[in-house]
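K.L.:
2 protein chains.
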Amino acid sequence: MHVFYEPRIAETLALSNEEAKHAVNVLRMQNGDVLYVNDGSGNLFQARIVESHPKKVTLEIVERVQTKTAPRRVRIAVALTRQADRLEWFVEKATEFGVRDITLLVTHNTGRHKVNVDRLNKIAIAALKQSGNVFLPIISQPTPYKTFIHQADASLKLLCTAADDCDVKSVVAQHMNVIALVGPEGDFTAEEMKLAVDNGFVPVNLGPYRLRTETAAIAAACALSLM
Amino acid sequence: MHVFYEPRIAETLALSNEEAKHAVNVLRMQNGDVLYVNDGSGNLFQARIVESHPKKVTLEIVERVQTKTAPRRVRIAVALTRQADRLEWFVEKATEFGVRDITLLVTHNTGRHKVNVDRLNKIAIAALKQSGNVFLPIISQPTPYKTFIHQADASLKLLCTAADDCDVKSVVAQHMNVIALVGPEGDFTAEEMKLAVDNGFVPVNLGPYRLRTETAAIAAACALSLM
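Going line by line, the protein sequences match chains F and W.
Residue numbers in the first sequence follow our numbering, run continuously in steps of one, and reach 318 at the last position.
Residue numbers in the second sequence follow our numbering, run continuously in steps of one, and reach 318 at the last position.
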């Protein structure tokens, strides 16, 4: 089962440059071959190749495949990690868990302020095709902490912190739209924590030990996917 | 707070070569300085340096620090991944989540049969010191699937599979000693699944999408740490 990503498939009925090249030059697909197209917005289509060219593969839709959907809309707001590969791993895992939005935060203790969002998007697309998830996470540009806190909107907002005694499982049930906020190495400052709590974030822990930034973000994604 | 790892601290009252070198040459610690020693078997000690030398640091114990313990004993039995770094990430995350035992499995669809367990142990020790967990996971050498299935013993044994409709959260409560079995890329064969079920493993899913081997293993570790 070969899955391709094409966000505008429903309009264009075609695979674009890179995906077309992969289908024709690498997989040697031909007219009449059947493939699957994920549009990253909730749809998976079974389609048949009408015309194959390495620069454009024209398709006809056979059917819209019924897909499972994640039961809860989850946004993970995570501070930038010092090492880029740790954030890349998180994006891959978050996509597998069905996280819908990823906000990259710049906090007081964040070591860097820049990130290659294009590269993160490519990692998310690869994970999307592999995992069978049909919602490509929307990844933000780095966002100042205060800006995010003031605009964050969900039925439950979690401030993930090792310091708190409240278990995540005790608060998530019934909430279908959840934000989890995860701090940087060196954690949030006391002021940043207060700002979050003043804006309705509920402090919860993610287990008994100190988790690295990307581990806490993965734990939040996993817990909110499974609980 | 500087934390060192020394499994025999209670007998030797000293840091061994590598840790001693780090304390004296890198951190420039001196007689009278206070540090923490994690023995990986459930204990964290506060200690004071009596004699510092780059090859041996002699200590006196100040006190045994009260530590949180993971509420459940978890073993993750995971098929070897094709790429070594994916398994290394899992070991780091599993240590942060407090997993007690890691069994590396060779199954029908496992791409490789060898792994550098020494390297995995070093990664686990680094994660142990960083996370505040005091139980170093015991990592097995690669083990044939059948051998493991026949000797696996716990109050709950989970067969993690995307195919099943049973949620992990519906079965774990109350069980304090749990094994989670995670298959390779290409999944277990039908025979391997039957063997597990025949030996008391309960099939459960870890969410709606297909998870990579190391993601499923991390998800199991996280779920069993938080639920």
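Here a beta-carbon is modelled for each residue, glycine too, at the ideal position from N, C-alpha and C.
Being a predicted model, the structure only gives us computed values, none of them experimental.
1) Starting from the N-terminal side, write out each stretch of the alpha helix (DSSP H) that is 4 residues or longer and does not extend beyond the segment 106-155 of chain W.
2) When you compare the segment 248-268 of chain W with the segment 96-104 of chain W, are there three or more beta-carbon pairs, one atom per stretch, that lie closer than 8 Å?
3) Output the distance between the C-alpha atoms of Cys257(W) and Leu118(W), rounded to the nearest integer angstrom.
4) Go through its chain and collect everything with a Cβ distance to Asp130(F)'s Cβ below 7 Å, but skip five positions before and after it.
5) Runs of 4 residues minimum, wholly inside the segment 162-197 of chain F: which ones carry the alpha helix (DSSP H) assignment?
6) Please list, in chain order, the residues of the segment 211-234 of chain F that have any C-beta partner in chain W closer than 8 Å.
7) Using CA atoms only, rank isn't needed, just tell me which of Ala185(F), Trp180(F), Val293(F) is closest to Val165(F).
8) Leaving out five residues on either side along the sequence, give the residues of the same chain with a beta carbon under 8 Å from the beta carbon of His144(W).
9) Hey, could you find the ends of the alpha helix (DSSP H) Ala310(F) is sitting in?
10) With contact counted as at least three CB pairs below 8 Å, one residue from each stretch, are the segment 151-161 of chain F and the segment 132-139 of chain F in contact?
11) Which residue wins for smallest C-alpha separation from His93(W), given the options Ser222(W), Asp209(W), Ser231(W)?
12) Nearest to Ala170(W) by CA position, among Leu272(W), Arg191(W), Thr149(W), is which residue?
13) Grab me the residues of Val269(W)'s own chain with a C-beta within less than 8 Å of its C-beta, minus the 5 sequence neighbours each way, in chain order.
14) Please determine, among Glu142(W), Gln232(W), Val259(W), His241(W), the residue with the shortest C-alpha to C-alpha distance to Arg203(W).
15) Is the CB of Val273(W) under 8 Å away from at least one CB in chain F?
16) Answer yes or no: do Thr238(W) and Leu195(W) have a C-beta to C-beta separation smaller than 8 Å?
17) Starting from Val262(F), follow the alpha helix (DSSP H) in both directions and report where the run begins and ends.
18) Nearest by alpha-carbon distance to Thr160(W): which of Pro299(F), Cys313(F), Ala312(F) is it?
19) Considering only the alpha carbon of each residue, which of Glu183(F), Gln242(F), His199(F), Thr201(F) lies closest to Ala217(F)?
20) Between Ile167(W) and chain F, is there a C-beta pair that is closer than 8 Å?
21) Please state whether the Cβ-Cβ distance between Val259(F) and Leu297(F) is less than 8 Å.
22) What residues are listed by DSSP as bridge partners for Cys251(F)?
23) Quick one: list the residues of chain F neighbouring Leu118(W), beta-carbon separation under 7 Å, in chain order.
24) Would you verify that the beta carbon of Ile270(F) is, or is not, closer than 8 Å to some beta carbon of chain W?
P.N.:
Reading from the atomic positions:
1) Taken in chain order, the whole alpha helix (DSSP H) runs of length 4 or more contained in the segment 106-155 of chain W are 108-112.
2) At 8 Å Cβ cutoff, the stretches do not touch.
3) The straight-line gap from Cα to Cα measures roughly 51 Å.
4) Around Asp130(F): Glu97, Pro98, Ile100, Ala101.
5) Here the runs fully enclosed are 175-188.
6) Under the 8 Å Cβ criterion, the segment 211-234 of chain F contributes Gln221, Ser222, Gly223, Asn224.
7) With respect to the C-alpha of Val165(F), the residue from Ala185(F), Trp180(F), Val293(F) having the closest C-alpha is Ala185(F).
8) Excluding the 5 residues flanking it on each side, His144(W) has same chain C-beta neighbours closer than 8 Å at Ala111, Val115, in chain order.
9) Taken as a continuous stretch (DSSP letters only), the alpha helix (DSSP H) holding Ala310(F) covers 304-317.
10) With three or more CB-CB distances shorter than 8 Å, the segment 151-161 of chain F counts as touching the segment 132-139 of chain F.
11) By alpha-carbon distance to His93(W), the top candidate from Ser222(W), Asp209(W), Ser231(W) is Ser222(W).
12) Closest by C-alpha distance to Ala170(W), out of Leu272(W), Arg191(W), Thr149(W), is Leu272(W).
13) Correct list, in chain order: Arg163, Arg164, Val165, Arg166, Ala245, Ser246, Leu247, Lys248, Leu249, Val263, Leu315.
14) Nearest of Glu142(W), Gln232(W), Val259(W), His241(W) to Arg203(W), Cα basis: Gln232(W).
15) No, its Cβ sits nowhere closer than 8 Å to a Cβ of chain F.
16) No. Outside cutoff.
17) Unbroken alpha helix (DSSP H) run through Val262(F): 260-263.
18) Nearest option by C-alpha distance: Pro299(F).
19) It is Glu183(F).
20) Answer no: the Cβ-Cβ gap between Ile167(W) and chain F never drops below 8 Å.
21) Yes.
22) Here Cys251(F) is bridged, per DSSP, to Val273(F), Val295(F).
23) What Leu118(W) touches in chain F: nothing, since even the nearest Cβ is about 18 Å away.
24) No - not a single Cβ of chain W is within 8 Å of the one on Ile270(F).
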